[in-house]
Each structure stands twice: as C-alpha cells, then as structure tokens.
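Enquirer: The opening residue of the sequence shown carries number 11 in the working numbering; numbering runs sequentially from there.
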Amino acid sequence: MDRRNFLKITSVSGVMIALAPSTISGQLRADDGRLFEAYEKVQLVDANGIALKAGELTQEVNYIFNYPFVGTPAILLDLGKETQKDVKLTSEDGETYIWKGGVGAKGAIVAYSAICSHQLAHPTPDNSILQYLQRGKTTMACKQKGGLIVCSSHLSAFDPLQGCKKVSGPAEQALASIIIEVAEDDTLWVSAVLGPDKFHEYFKRYKVEMKKYYGGKRKAKKRVQNSAPTIVLNEYTKEVIEY
Ligand code: FES
C-alpha cells in the first residue's frame, strides 16, 4: 500500500491508530506531517462521460470539475511548463506541508480547489470570480502578468506553479491542492486533497446555493464517486468576472 494512503491519527487518549482513508472524515495530518486527506479515487471524464486524456488538455485553459464533494469546485490546468517541485507551504495556522509538483509528461498538469482561501469565492454555474489568468494578461491583483489564479473578489493571486502559494492580496494561505495522477494510458485520476481546505466553512455559508445547484446541502456534501465530469470554465459558467 502506498504510504500516503494509510494515515495515522491521534485519538483523544493519545494512542496512535491507523484508519483506511475511505472511512475517515475531517482534516487529518499525514504520518509525515503534511496536511493531507485521501478521498475516493475518481477518474476525470468529459461532459459525455468519456475519459479525459492528459495529452488532450489545452494549455492554460481552465477546466472545472467537482471534487472531493459533489458541491465543491476544483480547477484542472495544463500550465504548459514544468512547475516547481517540493514547494514548502504554510497554512494560516502555521502548519507546513510539501506540494510535490505538477504531473504528466512535462510536469505541468495541476489541480486545485477552486474555493478561495480568503473568503470562499468560487466558480458557480452563474458566474466565476476565481480562475486562472493566462500568461501575459494583466490583473489588478498584482504586477505579474498572468500565469496566476486570481480571485477578483478581493484581488488575491495564487501561483499554480508553486502549489498555489499566495503571491498577493488578503488571502493568508494557498489554495488547497487536489492530488492528481496520470495513468499509463494517459487518463487522469484524482484521489486526495493536500493543504488546508475550506470545505467546512463553505458548506456552512452557502446553504442557499447548495440547494439551488445541487438540490440541498446533504446532496452537495456527498463524496464524488467513480468519475467527475470536467469541462472548460466558459461552458461551466455563464459569466467570467476578472479584474
Ligand atoms: S474571497 Fe478571494 S480574495 Fe477574498
């Protein structure tokens, strides 16, 4: 068994116990100290249920899929260039963790939770205020020209080449990353979340939205199983808002 798929948690009594990832909930620390939670291993597919292939992704285009829960959006990107590796990140609580880097032939494919680590702005079927901005494009968030995930709600910018580390704005930590892998047949799979996620606050705050888009909070909180439809942002949402 992959070491990362077998987590340790300290019980109230202080005794270390091991739990299979599919039976656990809440945020745990992996046994090497990283913030990490395993979820169901899920294949990324297109809107027709056909397997998405790493080699078919268009570079620097935002693809949206929901993971690890039915109601939590995430962003998939082929950045077109190799990311940094083994980036050390720190949560707003002072926890440190290591983001390993992009996957695929070039080490350029990444996935992140699309819920802003500041005040939870995120893409919805009606509009999106948080997305990747292609290299060369300007933003009011900072001087860097694109190559960033920008949340235009309060102008936080995150660098997807560096584990979505915050580079400017009021956010105090990175976006959580989604653990993604490319199989031998070039298909894409996601299996876990690394870093401090905002799922608990998100479900608490957006009850009305969960009802509108997913039929209620309970349905939105179900874990995604088997496959996750993955579509380009402009098809996922009616309006993209970028400052
Ligand atoms: S919610 Fe994203 S910057 Fe405030």
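Even for Gly, the Cβ is constructed at its ideal location relative to N, Cα and C.
Only a predicted model underlies this, so the values are computations on that prediction, with no experimental measurement involved.
Can you give the Cα-Cα distance for Asp42 and Ile108, rounded to whole angstroms?
Expert: Residue confidence for Asp42 is low, a pLDDT of 49 falling below 50, so the modelled location carries little weight; the figure read from the coordinates is stated next. Those two C-alpha atoms are separated by around 10 Å.
Enquirer: Measure the alpha-carbon distance for His128 versus Gly114 and round it to whole angstroms.
Expert: So the two alpha carbons sit approximately 30 Å from each other.
Enquirer: Are there three or more Cβ pairs, one per stretch, closer than 8 Å when the segment 149-161 is compared with the segment 240-249?
Expert: no
Enquirer: What number of angstroms, rounded off, separates the C-alpha of Asp169 from the C-alpha of Leu158?
Expert: 5 Å
Enquirer: Grab the span of the beta strand (DSSP E) containing Leu140 for me, first residue to last.
Expert: That run of the beta strand (DSSP E) goes 140-143.
Enquirer: Under the three-state reduction of DSSP, which class applies to Gln94: helix, strand or coil?
Expert: Gln94 falls in the coil class under three-state DSSP.
Enquirer: Work out the CA separation of Gly226 and Met258 for me, nearest whole Å.
Expert: Since the first and last residues shown for the chain are 11 and 253, residue 258 lies out of range.
Enquirer: Say yes only if the C-beta of Gly157 is nearer than 7 Å to one or more non-hydrogen atoms of ligand 1, and no if none qualify.
Expert: No, since every heavy atom of ligand 1 falls outside the 7 Å radius drawn around the Cβ of Gly157.
Enquirer: Just how far apart, CA to CA, sit Gln183 and Ser237?
Expert: 29 Å
Enquirer: Tell me, please, which residues DSSP counts as bridged to Asn137.
Expert: Glu249
Enquirer: Going by alpha carbons, who is nearest to Ala230 out of Ser123, Val120, Arg145, Val80?
Expert: Val80
Enquirer: Are the CB atoms of Ser166 and Ala181 within a distance shorter than 8 Å?
Expert: yes
Enquirer: Within this structure, are the beta carbons of Tyr142 and Asn72 separated by less than 8 Å?
Expert: yes
Enquirer: For ligand 1, is there any heavy atom lying closer than 7 Å to the beta carbon of Leu165?
Expert: yes
Enquirer: Gln5: which of Leu171, Lys222, Leu86 sits nearest, CA to CA?
Expert: Outside the shown range of the chain, which is 11 to 253, sits residue 5, and nothing can be said about it.
Enquirer: If I measure Cβ to Cβ from Asp196 and keep anything under 7 Å in the same chain, skipping five residues before and after, which residues do I get?
Expert: Lys63, Ala64, Gly65
Enquirer: State the start and end residues of the unbroken alpha helix (DSSP H) segment that holds Glu211.
Expert: 209-215
Enquirer: Name the two residues that bound the continuous alpha helix (DSSP H) containing Lys229.
Expert: 227-230
Enquirer: Assuming Ile190 and Ile119 form a contact by the criterion Cβ under 8 Å, report the distance between their Cβ atoms to the nearest whole angstrom.
Expert: Contact between Ile190 and Ile119 holds: CB atoms are separated by about 7 Å, below the 8 Å threshold.
Enquirer: What span of residues does the beta strand (DSSP E) with Cys161 cover, start to end?
Expert: 158-161
Enquirer: For Gln172, name the three-state secondary structure that DSSP assigns.
Expert: The answer is helix: DSSP assigns Gln172 an H, G or I state.
Enquirer: Following a CB-centred definition, is Ala181 positioned closer than 7 Å to any heavy atom of ligand 1?
Expert: Answer for Ala181: yes, Cβ within range of ligand 1.
Enquirer: If I follow the unbroken beta strand (DSSP E) through Lys292, where does it start and stop?
Expert: The first residue shown for the chain is 11 and the last is 253, placing residue 292 beyond what the model contains.
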